[in-house]
Amino acid sequence: MAKYGDYSAISQAYAVDLHYEKNNRAHRTNEISIKRLIVRRGQPFSITVNFTGCEFNPMDDDYFLVAETGPKPTQSSRTKILFPVTESINVKRWSAVTESTTKTELFLIISSSPNAIIGSYNLYMCKKDSDPIVSYHLGSIVLLFNPWCSEDEVFLNSDKERKEYVMNEQGTIFVGCSSYIDNIPWNFGQFEEDILDICLKLLNNSIKYETNPVRDCMKRNNPVYICRVVSAMVNCNDDNGILCGKWNGPYSDGIYPGKWTGSIKILRQWNQSGCQPVLYGQCWVFAAVACTVLRCLGIPTRVVTNFDSAHDANGNLTIDNYYSEKFEMDDSDDSVWNFHVWVESWIARFDLRPGNEGWQVLDPTPQEKSGGIYCCGPAPVKAIKEADFDVGYDVPFVFSEVNADVVKWLCLTEESKKVKMDVKSASVGCFISTKSVGSDEREDITNNYKYAEGSTAERQITERAHLSKRHMNVQKERLLYLNLNVNTPVYNGSTVKVFVKVSNKSADDRVYTLKFCAKKKRYNGTYEKQNLKVEHKEISIKSKKGKETSRNFFFVQCRKLQDQTLNTCLRNNCNAQIVLQVQEFPLLNHKVKAEISFKNPLPVPLNDCVFTLEGAGLIEGEMQLKVNKVNAGETAKVKAQFTPKKSGERKLSLDFDSDKIRNVKGSKIIDIPCHL
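So the sequence shown is numbered by UniProt numbering: it starts at 1 and just counts up by one.
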């Protein structure tokens, strides 16, 4: 008797209708395609098989079904599933029922397991009592995670949140610094048809797949495993990953990270180049691409920004800054980023003890290795808040990002020792932010990650994290205080005024030497060696008194800032805005006319000006419109035409770049009716 694996494909004519449009609409995948079957696990779908001209009689002949995935499907690896047609659907495993049948036609309802492996499958019907077993190939399907299925580990019990964290193709990412929170629009585009195939290709290019493809496919039922693979594959540090990170120029051999407005072009470029890394990304780009991939695969995901984010390179839970006796900064692997962006994915975490379900931190930006490769997470947000360091993955590292102390050390040359000058316990992990459900407003989720600074709970968590040991032998009473502030708001093109207040808390009048050194700081916390300004000044301050002095930075000193700092700390978008006007009644599959304008806010001309437009369902790929020169105070105007291919509310994202101002973002929601 033949084994189940010894199939013999028939040559007779038969027809299969996979009801692409009906099934995909029911499974909320119709925006990806209605030309192939894309379904979510744990949810039924229907097919019809017509056996006219074929010897098979569905009313009399016995049969069973087979679903295969992966390179070498086997029952032992759960990549080949054999299941009979039964009286009712079994919600726990692969199953099928007959909806109706005739001598020539069979109507089947099939449901996959809510714990099934995700990916591409081939589906067969096999006739029993034949040697070899005769098989009928019913077609190919793609199976995704299902946040609508209560048995799936990614189940999210909120229609509004599923709409936001799975279905929304447009988003907002918060950037800047804690005193100037800004936002940029992002086109995730997870439902563009080719993006699904690129996401599956990404899984097949991971180190784990290349090392052992069968074992890798076996584990693709687990969203924790998939998230960890995606975290590693979005950066290219260990593998054939998508993005190469770069945090300072030049970027002439690639794309300046602030130029990107969406994930689609990045993923397509990686795919079309034979999996060569795309140049270049920074944290918000890594996070946004990961969000696209995970939403595409069906895992609820959101982008999160941590302002004043610590990078604890040595794992001691503190950020150590070293100064020479001349108060020059010494190199340190630790840093505090103006902002850092990661993603959270919603997973029940069946692999952990109760209490760790819900949002999980994933960070694809290559900072430190985890398990020998550059990835981070998934780390339960609840474990981060409670400092449960024994919970996987990477909880201590993320805890430091939001809760580390910043310690300043004075390095004494003669005595070869370090003196602790200052400890700040509340300067890291500020205004942790994500896009609100159903709007572009900022939702502050800091309380998810940490207890209120100074509270009893916060002190207990600090002790649990063994940070209290690092506060022993801290300074004697401080007798000198320094405070720095800047005039607000600060605009690119304006003079920046810095105020320095020195307070003498001692019982004696003192003469102090104020050493003022200003450096260019990148958003990831690193400094350029060249000083923008250096001054020494002696000031006399009476006992228990203070004195304030100020210093100016003029536009000519700041204009060379060409990285993200330009937009975050000098806030390009505050006084430089893109204005978009769209014709009154845009229609589906009809040309839409728009006018985009931008006024030069600087006292100098802008050259090599480029507007970039992108929007899922509105524009295929991206559109670029160039303007040679915009004089000081003048307004550049360009006209654009595009044809919407999807209905509903769509976000058009815009980017403006020039030789002196870059990464100015704008967006507009355009409502496309489904019919006249």
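Cβ atoms here follow ideal geometry from the backbone N, Cα and C, with glycine treated the same way. A quick note: this is a predicted structure, and the numbers were derived from the prediction, not measured.
Cβ pair residue i, residue j closer than 7 angstroms
i           : j    : result
S425        : D405 : yes
P364        : S231 : yes
S647        : C609 : no
A287        : V343 : yes
N240        : N187 : no
I117        : N221 : yes
S46         : H27  : no
Q547        : V500 : It is Lys, not Gln, that sits at residue 547 in the sequence shown. No, Cβ-Cβ distance for K547 and V500 is not below 7 angstroms.
S263        : T292 : yes
E401        : A310 : yes
R162        : P147 : yes
I81         : A67  : yes
T69         : T79  : yes
residue 687 : T52  : Nothing can be reported for residue 687, as the shown portion of the chain is limited to 1 through 676.
V154        : I347 : yes
Y251        : Y280 : yes
C296        : C199 : yes
Y225        : K127 : no
V423        : D320 : no
E622        : E614 : yes
M214        : K72  : The amino acid at residue 214 is misidentified as Met; the sequence shows Val. Yes, Cβ-Cβ distance for V214 and K72 is below 7 angstroms.
L37         : M125 : no
K420        : C411 : no
R41         : P114 : yes
Residue from the options whose Cα sits closest to the Cα of residue i
i    : options                   : result
K545 : C236, D508 and L514       : D508
S179 : K547, Q190, V428 and V39  : V428
G171 : L108, V285, N235 and I109 : V285
S112 : W94, F399 and L156        : W94
N631 : E620, F656, F399 and N600 : N600
S345 : K219, V361, L196 and G355 : V361
F174 : L652, L588, D61 and F307  : F307
S658 : T612, M421 and F642       : T612
V604 : E649, I661 and Q641       : I661
L123 : G633, N115 and A96        : A96
E386 : P223, G355, N212 and Q581 : G355
Q272 : I133, K201, Q460 and V341 : K201
D182 : D152, T102 and I432       : I432
Q624 : M59, K450 and D655        : D655
K651 : D440, C149 and Q367       : D440
K497 : S550, Q460 and R510       : S550
M218 : S653, Q641 and S77        : S77
V592 : K626, P644 and N607       : P644
Q581 : G666, E595, S436 and V166 : E595
Residue i, buried or exposed, once every other Cβ within 10 Å from all chains shown has been counted against 16
i    : result
S324 : exposed
N314 : exposed
F598 : buried
S506 : exposed
K469 : Any reading at K469 must be qualified, since the residue scores a pLDDT of 37, below 50, and its modelled position is unreliable; no value is offered.
N23  : buried
D129 : exposed
N168 : buried
F397 : buried
A383 : buried
P223 : buried
R302 : buried
A9   : For A9, the pLDDT reaches just 47, beneath the cut-off of 50, and the residue's location in the model is therefore unreliable, leaving the point undetermined.
I672 : buried
F191 : buried
Q460 : exposed
L31  : Looking at the sequence shown, residue 31 is not Leu but Glu. When all chains shown are included, E31 counts as buried.
H340 : buried
E164 : buried
D152 : buried
N552 : exposed
P378 : buried
8 angstroms contact criterion, which residue i and residue j should meet: CB distance rounded
i    : j    : result
C227 : I299 : 7 angstroms
R353 : P380 : With a Cβ gap of about 10 angstroms, R353 and P380 do not count as contacting.
V664 : I578 : 6 angstroms
Y14  : V49  : 7 angstroms
Y289 : L317 : Going by the sequence as given, residue 289 is Val instead of Tyr. That belief does not hold up - the Cβ atoms of V289 and L317 are roughly 30 angstroms apart, past 8 angstroms.
L618 : I539 : Actually they do not touch by this definition, with Cβ atoms about 59 angstroms apart.
N504 : K542 : 7 angstroms
Cutoff 7 angstroms: residue i Cβ touching any chain C Cβ
i    : result
K385 : Within the model displayed, chain C is absent; a lone protein chain is all it includes.
- Task: Could you say if the region 239-252 and the region 138-149 meet the contact criterion of at least three C-beta pairs nearer than 8 angstroms?
- Result: no
- Indicate whether the contact test is met: 3 or more Cβ pairs, each with one atom in the region 101-108 and one in the region 156-163, closer than 8 angstroms. no
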